[in-house]
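One structure below.
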Amino acid sequence: MHLYNTLSRTKEPFVALRPPHVGMYVCGPTVYGAPHLGHARPYVTFDVLNRYLRYLGYKVRYVRNITDVGHLVDDADEGEDKIARRARLEKKEPMELVQLYTLAFHKAMDLLGNQPPSIEPRASGHIPEQIEMIEGLIRKGFAYESNGSVYFDLEAYRLKYPYGVLSGRVVDELVAGAGNERRALAGQSEKRKPEDFALWKNAEPEHIMRWNSPWGQGFPGWHIECSAMGVKYLDAPFDIHGGGMDLLFPHHESEIAQTTACHNCAPCRYWVHNNMVTINGQKMGKSLDNFINLDDLFAGTHPLLSQAYDPLSIRFFILQAQYRSTLDFSDSALSASAKGYKRWVQGLKELLAYNPVKSEAHSVTHSHKRQGTRPGLEGLLNSTLFEAKAQTALNDDLNTPVLIALVYELLNEFQTVKSGKIVVSPADWDDLKTKVKVYVTDILGFDLSDEVSDTSLSSALEASMKLILDLRQQAKDSKNWAQSDLIRDALNEAGIKVMDDKEGSRWSLG
RNA sequence: GGUCGGGUGGCCGAGUGGCUAGGCAGAGCUCUGCAAAAGCUCCUACAGCGGUUCGAAUCCGCUCUCGACCUCCA
Numbered sequence: 003m004h005l006y007n008t009l010s011r012t013k014e015p016f017v018a019l020r021p022p023h024v025g026m027y028v029c030g031p032t033v034y035g036a037p038h039l040g041h042a043r044p045y046v047t048f049d050v051l052n053r054y055l056r057y058l059g060y061k062v063r064y065v066r067n068i069t070d071v072g073h074l075v076d077d078a079d080e081g082e083d084k085i086a087r088r089a090r091l092e093k094k095e096p097m098e099l100v101q102l103y104t105l106a107f108h109k110a111m112d113l114l115g116n117q118p119p120s121i122e123p124r125a126s127g128h129i130p131e132q133i134e135m136i137e138g139l140i141r142k143g144f145a146y147e148s149n150g151s152v153y154f155d156l157e158a159y160r161l162k163y164p165y166g167v168l169s170g171r172v173v174d175e176l177v178a179g180a181g182n183e184r185r186a187l188a189g190q191s192e193k194r195k196p197e198d199f200a201l202w203k204n205a206e207p208e209h210i211m212r213w214n215s216p217w218g219q220g221f222p223g224w225h226i227e228c229s230a231m232g233v234k235y236l237d238a239p240f241d242i243h244g245g246g247m248d249l250l251f252p253h254h255e256s257e258i259a260q261t262t263a264c265h266n267c268a269p270c271r272y273w274v275h276n277n278m279v280t281i282n283g284q285k286m287g288k289s290l291d292n293f294i295n296l297d298d299l300f301a302g303t304h305p306l307l308s309q310a311y312d313p314l315s316i317r318f319f320i321l322q323a324q325y326r327s328t329l330d331f332s333d334s335a336l337s338a339s340a341k342g343y344k345r346w347v348q349g350l351k352e353l354l355a356y357n358p359v360k361s362e363a364h365s366v367t368h369s370h371k372r373q374g375t376r377p378g379l380e381g382l383l384n385s386t387l388f389e390a391k392a393q394t395a396l397n398d399d400l401n402t403p404v405l406i407a408l409v410y411e412l413l414n415e416f417q418t419v420k421s422g423k424i425v426v427s428p429a430d431w432d433d434l435k436t437k438v439k440v441y442v443t444d445i446l447g448f449d450l451s452d453e454v455s456d457t458s459l460s461s462a463l464e465a466s467m468k469l470i471l472d473l474r475q476q477a478k479d480s481k482n483w484a485q486s487d488l489i490r491d492a493l494n495e496a497g498i499k500v501m502d503d504k505e506g507s508r509w510s511l512g
């Protein structure tokens, strides 16, 4: 498998450092607000990567943090903690807020079809580890205390290690900061150099979230949690570090500096970054008034949306683009994709439900021109070929859109089977079904089981629907169209669609 | 201003030197009491201008243009 490594800016063959184990760390959400569209893309992406690595036989430890402390807000807030700020506004305990949004996040992730990570460490639960790491950095001369805060000494670091390799940043230019006005950061006067970043922040008296430390009461800086927790659970260097492209600088650059300075080795081997989502071509941002929460997306309660979107159709939409391209969300793009998704899933369900007729010996092959060609199906219906192509797609930097397109093509070829033009043997068909299920459900994470999960309810519904449709059929047989249309319309209003075809009537929910 | 990444058919979105991805929309057709669904067929594009090459969406140069980041962010 090849993965694009931001560090080298090329696709590199993936080689695990300690096979069969793979350590993957992905920057998790800051739980100070409702989960939004920006959360959907990275976590769907890395969920598929996690699933695929497992499929390839790796034992993956997937660590994704919950940030519930310490992110500084901008100068207007004088270094006040984001979570503390929201807590005051909503008059809740900070941890109450954290709990609320953590649960909302988990629920959204579940709806999107994401498997939970192996470990989901909280920053607030790892204060001692962070303090320990900061102490180590001070001991080694890469950090200094100032006025109850601790800052990373970038100058000292740069004397020994290169800085800015990941993001392509040059420190002197950062400081010069040509062009736009630079934001005045809190505590700038305490720093030796403006480019130094906070490892620990002294808490003002009104700051709610605070912990004891060797430097007085305070809270950890933004970047240190990922370094401390990543090393704790995965050991540096681990295999993969993922996150959104927006985290490249300064967050990941700082992580590299911290871990390298502390442990004298890079945090990880591969840096994998997903690109951003845009809304109607524009960056999504709270200030731009185009922020879409996942709840609103799933319920259709957002002014920019014309309808509710099935969470898995959002997953489909996300996976229809390669993770390194920007992905533009618009109502029209979503509804186009949702339609395609519906057909895709329906076709797959039919494929999985299809049972080839057991027939004579020659059923396996069809129209092989030459004698001696190996038996088997042509095209994607041949499970070996399907798998080879599917794997090629994913091996190429997780090219999920190509895999999805491949399945569409397979469904197209399935038509020739349905129509009887090609006869398949039950054994071949079982092979194909197994492979398709692996790629579509195990790896891509879609659900091809039937919607109604409650079995007693399901069978009751099944039976009553059969009765109703039988009655309607009787009406149809006696050409009582008024009666049959009445039944269909009434069912339609109840949310049940009825479709007639040659074999009779079919129905589906929604 | 700096760094990085893009511009592909009506829309979304793959594709890194030759072999028309795929989806949605649109058109025609099949099926059909009507409808819906499904299926079949059609729609052959790569920002512009140069260059390299037998051959360029793909490589090189320039121009135009969009976006991300530059200490809140997924």
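The first sequence: position 272 = 274 (the numbering used here), numbered continuously.
The beta carbon of each residue, even a glycine, is placed where N, CA and C say it ideally should be.
(request) Any chance you could list the alpha helix (DSSP H) runs of at least 4 consecutive residues sitting entirely within the region 76-160, in chain order? (result) Runs found: 84-92, 96-113 and 129-141.
(request) List the residues that DSSP assigns as beta-bridge partners of His23. (result) Arg20 and Lys61
(request) Have a look at Leu296 and Gly35 and give me their C-alpha separation to the nearest angstrom. (result) 11 Å
(request) With DSSP collapsed to three states, give me the class of Trp217. (result) DSSP, read as helix, strand or coil, puts Trp217 in coil.
(request) Kindly indicate which residue of Asp444, Lys439, Leu383 and Leu405 has the alpha-carbon position closest to the one of Asp430. (result) Leu383
(request) Report whether the distance from the Cβ of Phe319 to the nearest heavy atom of the ligand ZN is below 7 Å. (result) Among the components of this structure there are no ligands whatsoever, and the ligand ZN is therefore not found.
(message) Quick check on Met501: does DSSP put it in helix, strand or coil?
(response) strand
(request) May I ask you to list the residues that DSSP assigns as paired with Val28? (result) Arg66 and Gly244
(request) Leaving aside the five residues before and after Leu357 along the sequence, list all residues of the same chain whose C-beta is less than 8 Å from its C-beta, in chain order. (result) Residue 357 is actually Asn in this sequence, not Leu. Spatial neighbours of Asn357 in its own chain (CB-CB distance under 8 Å, excluding positions within 5 residues in sequence) are listed in chain order as Pro428 and Trp431.
(message) Is the beta carbon of Val65 closer than 8 Å to that of Tyr103?
(response) Cβ distance not < 8 Å, so Tyr103 and Val65 don't count as in contact.
(message) Measuring straight from C-alpha to C-alpha, what distance separates Ser337 and Gln322?
(response) 13 Å
(message) Does His253 come out as helix, strand or coil in the three-state DSSP assignment?
(response) helix
(message) Distance check for Pro37 and Ala106, CA to CA, integer angstroms please.
(response) Between Ala106 and Pro37, the C-alpha separation is close to 7 Å.
(message) Distance check for Arg88 and Gln132, CA to CA, integer angstroms please.
(response) 24 Å
(message) Three or more C-beta pairs under 8 Å: does that hold for the region 339-358 against the region 307-323?
(response) yes
(message) Please report the distance separating the alpha-carbon of His275 from that of Ile242.
(response) 10 Å
(request) Could you name the residues that DSSP lists as bridge partners for Trp509? (result) Val500
(message) Suppose you measure from the CA of Phe221 to the CA of Asn282; what does that come to, to the nearest Å?
(response) 38 Å
(request) Ignore the nearest five residues each way along the sequence and tell me which others in Leu9's own chain have a CB closer than 8 Å to its CB. (result) Cβ neighbours of Leu9 beyond the five flanking positions: Val167, Leu168, Tyr272 and Trp273.
(request) Let me know the secondary structure DSSP gives Trp483 once reduced to three states. (result) helix
(request) Enumerate in chain order the residues of its own chain whose CB-to-CB distance from Gly115 is below 8 Å, with the five nearest sequence positions on each side excluded. (result) Val46, Asp49, Pro313, Leu314, Arg317, Gly447, Phe448 and Asp449
(message) Counting C-beta neighbours from all protein chains within 10 Å, is the total for Arg53 16 or more, i.e. buried, or is it exposed?
(response) buried
(message) What does the alpha-carbon distance come out to for the pair His253 and Ala335?
(response) Roughly 32 Å between the two C-alpha positions.
(request) Determine, using beta carbons only, whether Gln324 and Asn401 come nearer to each other than 8 Å. (result) yes
(request) Alpha carbon to alpha carbon, how far is Leu463 from Gln417? Give it in angstroms, no decimals. (result) Cα to Cα, the separation comes out at about 30 Å.
(message) Pop quiz: Cys264 and Gly138 are said to be a contact at Cβ under 8 Å. What is the actual Cβ separation, rounded to whole angstroms?
(response) 5 Å
(message) Give me the residue from Glu157, Ser120, Lys142 and Gly40 with the minimum Cα distance to Ala110.
(response) Gly40
(request) Can you give me the Cβ contacts of His4 inside the same chain, cut-off strictly under 8 Å, excluding the 5 residues immediately before and after it? (result) Lys13, Glu14, Pro15, Phe16, Asn397, Asp398 and Asp399
(message) Measuring only the C-alpha atoms, how far is Asn7 from Gln260?
(response) 20 Å
(message) Pull the bridge partners of Val1 from the DSSP assignment, please.
(response) This structure gives no information on residue 1, because the portion of the chain shown stretches from 3 to 512.
(request) Alpha carbon to alpha carbon, how far is Ile406 from Asp472? Give it in angstroms, no decimals. (result) 38 Å
(message) Measuring straight from C-alpha to C-alpha, what distance separates Asn149 and Trp224?
(response) 18 Å
(message) Given this structure, state the Cα-to-Cα distance separating Val419 from Lys481, to the nearest angstrom.
(response) Spanning the two alpha carbons is a distance of roughly 34 Å.
(request) For Trp483, count neighbouring Cβ atoms within 10 angstroms of its own Cβ and tell me buried if that reaches 16, exposed if not. (result) exposed
(message) Rounded to whole angstroms, what is the Cα-Cα separation between Ile258 and Arg56?
(response) 27 Å
(request) Compare the C-alpha of Glu380 against each of Lys423, Lys351 and Ser256 and name the closest. (result) Lys423
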